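Written out below as structure tokens is the structure these notes cover.
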Amino acid sequence: MASSSSSSSTQVKKITLKAADGKHFEVEEPVAMEMETVKSFFVGNEDAMKDMVVPLLNVSSEHMPAILDFYRNHSEFRKRTPPPPAEEVKAFNEAFLENKSDEQLMEMIMAANFLNTKELLNFLTEAAANRIKNKSVEYVRAFFGIENDFTPEEEARIRAENEWAFDGLDED
Amino acid sequence: MMNSGTLTVREKNKKFKGAGGRKKRTKNYVCNDSRSWADLSVDLLDIISNHLNLTEFLSFSKVCRNWILFSLTSPQRRSLVFCISTKAKKSCYLYISTEFRYKTKLPNFAGNFCIGFSNGYLIMEDRLGNVWVINPITAHQIQFPPMAKPCIAARQLRNAASKSPKGGNALRRLWGWRRSCFATFGPRGDFLVIFLSLYHRDVMFCSSKDNNWKVYSFAYQSRNIVDIVVYNGRVFVATDDCRLGALNLGSSNDSQTGVLILEYSNLKFLNGKTPLTRA
């Protein structure tokens, strides 16, 4: 948590966000405004900020600290005048994804989608795509816990489709 | 690349209507269990699939029903356009609509000619009459024996054509193959490459069964072939007297080779006019 160091004249405004399971999070205004969903909540109603609790129905409290951390760091990266070296951003992003299971990743994608932040959403979906890349259909199914809901005939037909795009002509 | 902006906005507004009566919603809200990767919404699948390349995307669409349904409506599913620069050294570009561009590197590409695109394969030829097909996605190649009749005149024409700016058109009109097809068929993965030349009035073909070039000339026949297509291992032709036929390639005996006209009534080409026959 970034301390509320009142840098210039006014105290940094805080906004209270309520996660899906009811937990409250106090967030500095600029960080909260990274989320389009929160931002649009206050459009034309700026006075409400002080005492309004913003409900985030699709975000569980489990992921809130990580998500807020992402916003804080990335808004800081953006503000820095010589932009930070790519390695630093990359290192942060990699650390962010470390120890995240696929389930957690998916929940965070849903959360980012709900919060409507392009940067986080883009980053997370790329991570998901990276986990699919160069993997067989069976692997992807097993990896993400997706049930094969095709009948054997459908499966065979689908497999034969676009065969030209895959290695070799006579691959079985 | 991100073409999902509008979708996300719509999603947000929808959610916000619900947020008005949020007490009710929070109660009903179940945090887990109802979510799985298979049930991801279309806009999320869209964003994820934007990070995949073409092969990965095709593979991605085979995972489950929800994902294949998504892929069928995705813009990535639209037609593929190849763009091969005349100065291309090793690579060509693939476009899907205007949103996606892929670059593919191919061996033996420089200085050679792409004379057709068929069944997912580029049909390539070099100046010596060697012919091969190559899959631009997987780089899978099939080499054919050198052509029985490497056409010297054609090559001279081609050289001349490459020197004059308008040469490309002249080349196509005078010499170029009207149609080149490559097809695979049968359980053993047999394949066939076939060229129709309007200028020479012949069909050249080579199949994996006999691995040799053969020529069927229709120069002295009563009807000319104006186009060919290969389907299920059979060659179908359109003739200049507005008929469709099947071309028998004569697996062993050349005397069998010929066009067998299929009788369809009321067949009309180009508003009843005879299709272009002159080379």
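Protein chains in written order, with my numbering: chain F, 904 to 1075; chain L, 9 to 287. All C-beta atoms in this analysis are idealised placements derived from N, C-alpha and C, irrespective of residue type, glycine included. The structure displayed is predicted, hence computed values, not measured ones.
- Query: Under the DSSP definition of a beta bridge, which residues are partnered with Ser-188(L)?
  - Reply: Note: Ser-188(L) sits in a beta bridge opposite Phe-203(L).
- Exposure of Pro-958(F), with buried meaning 16 or more beta-carbon neighbours within 10 Å: Buried, since its Cβ has 16 or more Cβ neighbours within 10 Å.
- Task: Would you list the one or two residues that DSSP bridges to Asp-235(L)?
- Result: Answer by DSSP bridge pairing, in chain order: Ala-246(L).
- Alpha carbon of Thr-1020(F) to alpha carbon of Ser-69(L), nearest angstrom: Going by the C-alpha atoms only, they are around 26 angstroms apart.
- Item | From Asp-218(L), Arg-73(L), Val-139(L), residue whose alpha carbon lies closest to that of Ser-49(L) | Out of Asp-218(L), Arg-73(L), Val-139(L), Arg-73(L) has the C-alpha closest to the C-alpha of Ser-49(L).
- Count the other C-beta atoms from every protein chain shown that fall within 10 angstroms of the C-beta of Arg-187(L), then say buried if there are 16 or more, exposed otherwise. Around the beta carbon of Arg-187(L), 16 or more other beta carbons sit within 10 angstroms, so the residue counts as buried.
- Query: So, does the CB of His-59(L) fall closer than 9 angstroms to a CB anywhere in chain F?
  - Reply: For His-59(L), the nearest beta carbon of chain F is closer than 9 angstroms to its own beta carbon.
- Task: List the endpoints of the continuous alpha helix (DSSP H) containing Ala-1011(F).
- Result: It is worth fixing the name first, because residue 1011(F) is Met in this sequence and not Ala. 1005-1018 is the extent of the alpha helix (DSSP H) around Met-1011(F).
- Message: Just list the residues that DSSP pairs Ser-67(L) with in beta bridges.
- Response: Bridge partners of Ser-67(L): none, in fact.
- Message: What would DSSP say about Ala-923(F), mapped onto helix, strand or coil?
- Response: Of the three classes helix, strand and coil, the one that applies to Ala-923(F) here is coil, per DSSP.
- Query: When the Cα atoms are used, what is the spatial distance from Glu-64(L) to Val-1043(F)?
  - Reply: The straight-line gap separating the alpha-carbon atoms of Glu-64(L) and Val-1043(F) is approximately 11 angstroms.
- With DSSP as the reference, please indicate the residues paired to Gln-151(L) in a beta bridge. Its beta-bridge partners are Trp-140(L).
- Task: Can you give me the Cβ contacts of Ser-12(L) inside the same chain, cut-off strictly under 6 angstroms, excluding the 5 residues immediately before and after it?
- Result: With a pLDDT of only 27 at Ser-12(L), under the threshold of 50, the placement of this residue in the model should not be trusted; the figure read from the coordinates follows. Cβ within range, chain order: Asp-51, Asp-54, Ile-55.
- Message: Let's see if you can read the secondary structure: which residues bound the alpha helix (DSSP H) around Lys-982(F)?
- Response: That run of the alpha helix (DSSP H) goes 967-982.
- Measure how close the beta-carbons of Val-962(F) and Phe-980(F) come, nearest whole angstrom, since I'm counting them as under 8 angstroms. So it is not a contact: roughly 22 angstroms between Cβ atoms.
- Item | Neighbour list for Leu-1024(F) in chain L, Cβ cutoff strictly below 7 angstroms | Against chain L, the beta carbon of Leu-1024(F) has neighbours under 7 angstroms at Ile-55, listed in chain order.
- Task: Taking 9 angstroms as the cut-off, decide whether the C-beta atoms of Ala-191(L) and Leu-200(L) are in contact.
- Result: Between Ala-191(L) and Leu-200(L), the CB-CB gap stays under 9 angstroms.
- Consider the C-beta atom of Asn-143(L) and the heavy atoms of the ligand NAP; say whether any pair is separated by less than 8 angstroms. The ligand NAP is not part of the structure shown, which contains no ligands of any sort.
- By DSSP, does Lys-1036(F) sit in helix, in strand, or in coil? Correct three-state label for Lys-1036(F): coil.
- Output the boundary residues of the alpha helix (DSSP H) element that contains Ile-123(L). Not the alpha helix (DSSP H): Ile-123(L) falls in the beta strand (DSSP E), residues 121-126.
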